[in-house]
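Chains as they are written, first to last, in this note's numbering: chain Z, 3 to 284; chain P, 282 to 558; chain C, 81 to 512.
Even for Gly, the Cβ is constructed at its ideal location relative to N, Cα and C.
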Ligand SMILES: Nc1ncnc2c1ncn2[C@@H]1O[C@H](COP(=O)(O)OP(=O)(O)OP(=O)(O)O)[C@@H](O)[C@H]1O
Ligand SMILES: [Mg+2]
């Protein structure tokens, strides 16, 4: 394989590993669709930050997008609690609105924003090797470094928050009864999901983010009964999807992101099938 | 304060507590005290607000009025002395965790959440597992437990907290006779150690037999006290004889017309609010 | 100047086709979506919309050209498979329905994207223009498309009318529907099919990503205007039509902007406006209602304070000073003055250069409130067995809420008591 291929695969694998970790908790907390909503809702933030800063790698971009991710979850809360709209509809109304706003902004400023509608959906992972950054006297793809940094952050977060996340996902009421500040924990977790979404957005696009958050974790949950094995397996499935996806995309000459999701989906459905066909113990 | 006075402090004082969901009142000015060292049953029909009462005591929802004192203090000051066991159905038992992991949660505190558990913590977990007879299942995943075993796990987690006041929501639901007896034994043991146990319980038949203090609830407090004084035909009929129509009508009126559940600026705090009109 | 060109453009035949098309599509989606909304299956609709993509792409690959009916058939099949899979996963595995929805949504869509990009890489790929399914391309709608999609939309609307009773029963009370002997399973199948069809048709206008808005947002908005189903569906359909109209028009005068997102944008703004400003159920209306209650409570408390003053003070004073009231109950100064003015306007209070007096009606009103307070205290001690030193705070609120009907019942149940638990007399109107 060429070095370019490796760059793409490793970037995909790092992002898949980060999302698999966070996604495991999203799945266990039954908040998968909230992740879906956030991944759509960061779009207007990204576009506005683009317009203001005029470049793509800027902290402003990060802040803008992370802000709109949190804004989306606040909007959902507001519609649900204060306007008394049922929860599923609050999610649906909020994210479609924000996403439509993002698309309109993109089309209104076509010349100025280096984003197009398709890139929003399935990213530009194929261009990873083109976006090089000087690193001493070697050149590495910038998205690869971003993905590596993201993975590091998520890993550290997992190490320090493992017990808290476990407790919060299993029994939030009990956590609160222990005097643990569940609101803070919840907010931090949502902020991590937003951050991951934003960093991964331009590399893999909105849809792949949702898929990578949910599908490997769901597949791993089918196979395991303990939390650490579940997370490890989810990460493994994510990485595997990155490899398989690259291969499939080169054969079909199609979108790498789409192929990665398809491989993840294939793993999910075969797991489902195997689980159904093998008789259960107990 | 002298030692004798400390013993006189009620383990739990609920003062004029009122609570609602989306403005619909479900608890009307609940007011009772429980002395230390009794085994208490909170008894009432379905939907009578037993769970809501426990959640309010544990500060899991915001009361409309009134306050709760535990050993004469605010909950936050004595949190380490209180253990709460939620209703078994309130969690998803397919969650990927082992029995030991769940019981260890009883030792979690803000301070040690980012660190490993200490040796003493782990010992307390083992003792708790032993007491409920789940030590040999310690490494089993909770998705593989029977209903009765799940209750035992929750009980063990509570024991591991090593508290002085235990609040348990329906620990006898879904268990067989043997487990029921085993759980009761553990609870009696706690009481013999001078601890206070408060149990939400469904079954009138066994309530009299199990508890020595009883609280009869049906959105309002019907009676509270030693079981002999509370367990009267008249009280039981009142508790199980349906809601008071006036209360129901008023509840609906409040929920429907955006009335405040409690008047603004008239939040009762300790020591105030007993004024004349 | 602008108005003239607008006037001309609105009659443009191609715009008319687009408008007619999108209006029909969005009305059918909003009607079917109402039932999804009521069954709390809005997000299932979102997933189906995404899941349609691989069906369309496969149909194109197999047929080799863009035949609308074949593509629709492909969409229908993959939408149906998605629904079946979601139901299966959430009932037969330990995964929650939320996870099932997100999984199916993203896997089907990712696969669809793979197929689309594959087609684009093929020789005939570029003419396919399949990417229009992502964001919709209403502006490109031709008259022939209008016949197909508009016709289907009409069929959908008709079907909703035909099965209206059954669907509403199914949405509100499926158990009851079953007990009536309705074929619940068949009905569910029909409703699901209609939903998939509405989505497959609707993505012509807004594309798969935003399709959920056409299903969910109109009902979410309509819900804040009414409690009953028929008006709700009517309002939802009207909002859908209006926003399609606006969206088509906006993208017509600014051709670089796509129609679908404009439709969704106007729809969302209407929904947000409804949720915030609708009378009765809107957030603002409820806030105002609460404010109104607070004013009422304050004013009633003033009346009560005046009553208490004359009840307690030994010397009978006809005219009270403001300080007298403040002595009974600490009001905020501004609030008290405002309240006095309002009471005066209502004829409950006479004002004379910093002095005040209850009018005859005001006295009766004050008496009523004191009576309710003391009756309620009585009720609390007798029925709720509260100690007499614990009842005041509760009565302090309920005195403002108890309706005449409840008062009558209280009087009957308590048998017209004379004294409250604190031994204060309970005032009745014929007392004086
Ligand atoms: N989250 C909620 N939102 C709205 N209403 C609720 C909620 N939880 C409980 N209620 C209502 O509050 C009332 C009291 O409920 P609660 O669960 O406290 O009763 P309970 O005595 O514990 O009943 P059970 O014996 O069935 O456990 C019921 O009428 C219930 O419908
Ligand atoms: Mg309960």
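Verify whether the separation of the beta carbon atoms of residue i and residue j is less than 8 Å.
i, j, result
"residue 166/C", "residue 155/C", "no"
"residue 74/Z", "residue 109/Z", "no"
"residue 301/C", "residue 319/C", "yes"
"residue 13/Z", "residue 130/Z", "yes"
"residue 308/P", "residue 330/P", "yes"
"residue 476/P", "residue 494/P", "no"
"residue 146/Z", "residue 9/Z", "yes"
"residue 187/C", "residue 213/Z", "yes"
"residue 428/C", "residue 445/C", "yes"
"residue 478/C", "residue 531/P", "yes"
"residue 293/C", "residue 347/C", "yes"
"residue 448/P", "residue 342/P", "no"
"residue 108/C", "residue 299/C", "no"
"residue 497/P", "residue 313/P", "no"
"residue 124/Z", "residue 210/Z", "yes"
"residue 266/Z", "residue 243/Z", "yes"
"residue 112/C", "residue 236/C", "yes"
"residue 85/Z", "residue 355/C", "yes"
"residue 378/P", "residue 167/Z", "no"
"residue 163/C", "residue 213/C", "no"
"residue 311/P", "residue 480/P", "no"
"residue 436/P", "residue 413/P", "yes"
"residue 64/Z", "residue 55/Z", "no"
Take the Cβ of residue i as the centre, count every other Cβ of all protein chains shown within 10 Å, and call the residue buried at 16 or more, exposed below.
i, result
"residue 342/C", "buried"
"residue 15/Z", "buried"
"residue 553/P", "Low per-residue confidence applies at residue 553/P: pLDDT is 37, beneath 50, and the placement is therefore not dependable, though the value from the model is reported in the following sentence. That one is exposed."
"residue 307/C", "exposed"
"residue 522/C", "Because chain C here runs from 81 to 512, residue 522/C falls outside it and cannot be looked at."
"residue 434/C", "exposed"
"residue 24/Z", "buried"
"residue 422/P", "buried"
"residue 176/C", "buried"
"residue 367/C", "exposed"
"residue 2/Z", "No information on residue 2/Z is available, as it lies outside the stretch 3 to 284 that chain Z covers here."
"residue 195/C", "buried"
Name the two residues that bound the continuous alpha helix (DSSP H) containing residue i.
i, result
"residue 300/P", "No alpha helix (DSSP H) holds residue 300/P; the beta strand (DSSP E) holding it covers 293-302."
"residue 99/Z", "89-110"
"residue 135/Z", "Unbroken run through residue 135/Z is the beta strand (DSSP E), 134-137; no alpha helix (DSSP H)."
"residue 348/P", "First-last for residue 348/P: 346-351, but that is the beta strand (DSSP E), not the alpha helix (DSSP H)."
"residue 453/C", "440-463"
"residue 405/P", "400-412"
"residue 467/C", "That residue, residue 467/C, is in no alpha helix (DSSP H); it is neither H nor E in DSSP."
"residue 195/C", "177-201"
What are the boundary residues of the beta strand (DSSP E) that residue i is part of?
i, result
"residue 315/P", "305-315"
"residue 446/P", "446-450"
"residue 507/P", "501-507"
"residue 477/C", "Counting along the chain, residue 477/C falls outside any beta strand (DSSP E), though it belongs to the alpha helix (DSSP H) covering 472-478."
"residue 1/Z", "Outside the shown range of chain Z, which is 3 to 284, sits residue 1/Z, and nothing can be said about it."
"residue 363/P", "363-366"
"residue 306/C", "Taken as a continuous stretch (DSSP letters only), residue 306/C belongs to no beta strand (DSSP E), as it is neither H nor E."
Does residue i come within less than 8 Å of chain B when only Cβ atoms are used?
i, result
"residue 87/Z", "No chain B appears in this structure, whose protein chains are Z, P and C."
For ligand 1, which residues count as neighbours when the test is a C-beta closer than 5 Å to any heavy atom?
-> 302/P, 307/P, 327/P, 328/P, 329/P, 330/P, 331/P, 332/P, 333/P
Looking at C-beta atoms only, is the number of pairs between the region 170-185 of chain Z and the region 385-392 of chain P that lie closer than 8 Å three or more?
-> yes
How do the region 91-106 of chain C and the region 219-230 of chain C stand: do at least 3 beta-carbon pairs fall below 8 Å, yes or no?
-> yes
When the Cβ atoms of the region 236-250 of chain Z are set against those of the region 214-221 of chain Z, are three or more pairs found closer than 8 Å?
-> yes
Looking at C-beta atoms only, is the number of pairs between the region 459-471 of chain P and the region 424-437 of chain P that lie closer than 8 Å three or more?
-> yes
Given 8 Å as the limit, is there contact between the region 227-236 of chain C and the region 290-299 of chain P, that is, 3 or more CB pairs closer than that?
-> no
Touch check for the region 81-93 of chain Z and the region 113-128 of chain C: three-plus C-beta pairs under 8 Å?
-> yes
Is the region 347-367 of chain P in contact with the region 437-448 of chain P, if contact means three or more CB pairs nearer than 8 Å?
-> yes
Evaluate the contact criterion for the region 371-383 of chain C versus the region 131-140 of chain Z: three or more CB pairs, one atom per stretch, below 8 Å.
-> no
Could you tell me whether the region 449-457 of chain P touches the region 431-440 of chain P, using the rule of 3 or more Cβ pairs below 8 Å?
-> yes
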